[in-house]
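Residue numbers (the numbering used here), protein chains in the order written: chain B, 378 to 757; chain U, 378 to 757.
Structure below.
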């Protein structure tokens, strides 16, 4: 197959400057030449996940975005709150590529059989620098999509699908039998509803608005609790009791929700207990915080006994913990079900240059539920 | 050996009443007759630990204590804040014995060889109902104290010594190499200083007053950080960096300290790291909350990456986790070092009836650092 790559390609970059701004730009970089075991992919689709925004915007306020430079190579600067700067010391002055995952077509390959076998295939990729026209990576790191799958359909094979599978797998490995999930109307949350239905896993969905209850019920969710409702805690206790959930994954992070979930679990556990235990239930109750939709402080009253834990959870360390074979099995399940269980929907497709438009930035930075952007670096 | 037990003995009781008060009393109960494998102990010393106060006072306000009944059988009532009542539903109306641990002399024994072998021995005990003249228990549950040890010396063999050993053992089993401890000037904290010195374990002591720094330094503590000092966070980071501590045991519970410790650990870990990691250090940082000196909410800003955990820690589940043999080995170490590493000091010895004196209650309920009461049920 003939190469269609040019000698250079566009790549989106993010740089934090010591004066307290983040600078976003699109730069022209040399197209890498694949080594023997590598392939070159023409990236055609890469989602903007919440996990991409931290690296991209570095906590900057999107409403402060200002544009300079020519229209086809804009440079955007936005102000970072001073309190966020110390945590960014490690990336000061570095022009960083962005984009955790994406998909595209293999247009060049090294001479190894494994690399050559991928020529012309549509593959999904994980590993950063996906907001770029070209991405070079090792052949075994490509996830080959089933024939007929488009790059847009396969762009979100890793972050959301593996996170959903990782939650269920963590549940099984840590001895729990059902889950609570917050911000459950998200793309990931909808995927988790479908996955738990298919795998017959009890799931309590916590959402923040009444209309999201209907959305999830429409997907077949059995337990949906609206945290804006006056009877939220009572609903949550009932749903936790009905499922037996003692593990939660929380995308909110800040505020009181993590503690409320532990309290609901403890209430459900102790109301059937016999006799008084001054230390509460002996069943371990766990909340993993995997996101930070609320960046404010986390606060909880310790009204859930002593057998509890709150902690951080990240996909990559989880995959390392379970080992390469188990991780590969999860990835192959994603590829097989990428247009069903693990299908993603996008509200807008934009080019690399459009991703620097302040109006678009303000829009995708909102992390509005149900809205998700797809960058197509092949679009001009 | 002749029995010196009377047919009945005094026992301290705590009852939560539905009208929102706790009632403390001393009642006369029949002296149990030991079965074949049991012994009867004349209790001569039982400490008032922070962990006893929850069961004893049920969260009641000591300043509301009122006495009725005769001087030798007083009945004390104190008001429980309404917010604390729901959590006490499981013990409503039950007259509960109190006292986690104690020591005394075996005065009667069942006919089994193991029980007979204990006659006349001074033993330490764990298991509740120690604020009583007599306590019957299984022979294997007695921890025989070295010859010459008094009951007062052996009264605190379990809660504090096993907790200190449990912290160091948890550290080793979970892959950490040094510890942070809060409220470190407590009896337990002083014991942990001696234990970590003896076992060559790095220890960062967090105290709340300048004079406590000197107290712990006098015991040989190398790292003592005063949370009331303006440079507390800087001191904490230095001490955590010097020891490499990634595990903390927190007796405070409420407030911001747990989060500050995680932040100090993260700062110490990342300041030597190369390159920027947007998710922070990959080293797991853990705080176990094992007490509640501050009963207010726990609050933290998530400024310590994603590899972190906060959770409850209790001695009894820990001992169950490590198994009977490992737990027995820890107990035997305590007995062997009960007058050195694990020695406790008491500020006052009181009788069962004196334990119901409102002035004494107000005093021991303060949980003042360095003050510890010993109940001697044999004292009249």
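Glycine included, every Cβ here is placed at the ideal spot set by N, Cα and C.
Practice item. For residue 655 of chain U, return the contacting residues in chain B, with the cut-off set at a CB-CB distance below 7 Å. Key: 431, 432
Review point. Under a three-way DSSP split, which group does residue 428 of chain U fall into?
Key: helix
Exercise for review: State yes or no: is the C-beta of residue 703 of chain U nearer than 7 Å to some heavy atom of the ligand NAD?
Suggested key: The ligand NAD is not part of the structure shown, which contains no ligands of any sort.
Check your understanding: Beta-carbon of residue 472 of chain B versus every beta-carbon of chain U: anything under 8 Å?
Key -> no
Exercise for review: Could you pull the start and end residues of the beta strand (DSSP E) that residue 513 of chain B belongs to?
Suggested key: Following the DSSP letters along the chain, one finds residue 513 of chain B inside the beta strand (DSSP E) bounded by residues 511-515.
Practice item. Check whether the segment 414-423 of chain B touches the segment 514-527 of chain B, counting contact only when three or more Cβ pairs, one atom from each stretch, lie closer than 8 Å. Key: Judged by Cβ distances under 8 Å, the segment 414-423 of chain B makes contact with the segment 514-527 of chain B, as three or more pairs qualify.
Check your understanding: Are any of the Cβ atoms in chain B nearer than 8 Å to that of residue 507 of chain U?
Key -> Among the residues facing chain B, residue 507 of chain U is not included, as its CB has no counterpart in that chain under 8 Å away.
Review point. For residue 655 of chain U, which option in U:571, U:667, U:684 has the closest C-alpha, if you only look at C-alpha atoms?
Key: U:684
**Study point:** Range covered by the alpha helix (DSSP H) that runs through residue 564 of chain B
**Key:** 564-576
Review point. Does the segment 705-718 of chain U come close enough to the segment 663-677 of chain U that 3 or more CB-CB pairs lie under 8 Å?
Key: Taking 8 Å as the limit for Cβ pairs, the verdict is that the segment 705-718 of chain U does not touch the segment 663-677 of chain U.
**Study point:** Best match in U:478, U:436, U:474, U:562 for proximity to residue 595 of chain U [C-alpha to C-alpha]
**Key:** U:562
**Study point:** Burial state of residue 549 of chain B, where buried means 16 or more other Cβ atoms lie within 10 Å
**Key:** exposed
Review point. Which residues in the same chain as residue 761 of chain B place their Cβ atom closer than 8 Å to its Cβ, once the five residues preceding and following it in sequence are excluded?
Key: In the structure as shown, chain B begins at 378 and stops at 757. Residue 761 of chain B is therefore absent and cannot be evaluated.
Review point. Any beta-carbon of chain U closer than 8 Å to the one on residue 688 of chain B?
Key: yes
Point to revise | Neighbouring residues, chain U, relative to residue 691 of chain B (Cβ below 8 Å) | key: 656, 683, 684
Review point. So what does DSSP say about residue 390 of chain B, is it helix, strand or coil?
Key: strand
Check your understanding: Cβ of residue 392 of chain U within 8 Å of Cβ of residue 470 of chain U?
Key -> yes
Exercise for review: Would you identify the three-state DSSP class for residue 560 of chain U, choosing helix, strand or coil?
Suggested key: coil
Check your understanding: Taking 8 Å as the CB-CB limit, is residue 550 of chain B close to chain U?
Key -> no
Point to revise | Under 9 Å (Cβ pairs) to chain B, residues found in the segment 600-631 of chain U | key: Under the 9 Å Cβ criterion, the segment 600-631 of chain U contributes 630, 631.
Exercise for review: Just the C-alpha distance for residue 560 of chain U and residue 427 of chain U, rounded to the nearest angstrom, thanks.
Suggested key: 12 Å
Check your understanding: Using the C-alpha atoms, what's the distance from residue 453 of chain B back to residue 472 of chain B?
Key -> The C-alpha of residue 472 of chain B lies about 13 Å from the C-alpha of residue 453 of chain B.
**Study point:** C-beta contact flag for residue 557 of chain U and residue 583 of chain U at 8 Å
**Key:** Their beta carbons are under 8 Å apart, which means residue 557 of chain U touches residue 583 of chain U by this criterion.
Review point. By the 10 Å Cβ neighbour count, where 16 or more other Cβ atoms means buried, how is residue 527 of chain B classified, buried or exposed?
Key: exposed
Check your understanding: Nearest-angstrom Cα distance between residue 692 of chain U and residue 539 of chain B?
Key -> 37 Å
Point to revise | Amino acids of chain B, ordered along the chain, whose beta-carbon sits closer than 7 Å to that of residue 400 of chain U | key: Chain B residues near residue 400 of chain U: none, gap ~16 Å exceeds 7 Å.
Practice item. Measure the alpha-carbon distance for residue 500 of chain U versus residue 537 of chain U and round it to whole angstroms. Key: About 17 Å.
Review point. Taking 8 Å as the CB-CB cut-off, is residue 679 of chain B touching chain A?
Key: In the structure shown, chain A does not exist; the protein chains are B and U.
Point to revise | residue 681 of chain U, DSSP secondary structure in three states | key: coil
Exercise for review: Report the three-state DSSP secondary structure of residue 498 of chain U (helix, strand or coil).
Suggested key: coil
Practice item. Take residue 743 of chain B as the anchor and find which of B:576, B:456, B:439 has the nearest alpha-carbon. Key: B:439
Review point. So is residue 477 of chain B buried or exposed if we call it buried at 16+ other beta carbons inside 10 Å?
Key: buried
Practice item. Classify residue 575 of chain B as buried or exposed, calling it buried when 16 or more other Cβ atoms lie within 10 Å of its own Cβ. Key: Per the 10 Å Cβ criterion, exposed.
**Study point:** Contacts of residue 700 of chain U in chain B (Cβ-Cβ under 7 Å)
**Key:** Within 7 Å Cβ-Cβ: nothing; residue 700 of chain U doesn't reach chain B, min ~17 Å.
Point to revise | Cβ pair residue 647 of chain U, residue 636 of chain U closer than 8 Å | key: no
Review point. Just checking my contact of residue 387 of chain B with residue 510 of chain B at CB under 8 Å: how many whole Å lie between their CB atoms?
Key: Confirmed, about 5 Å.
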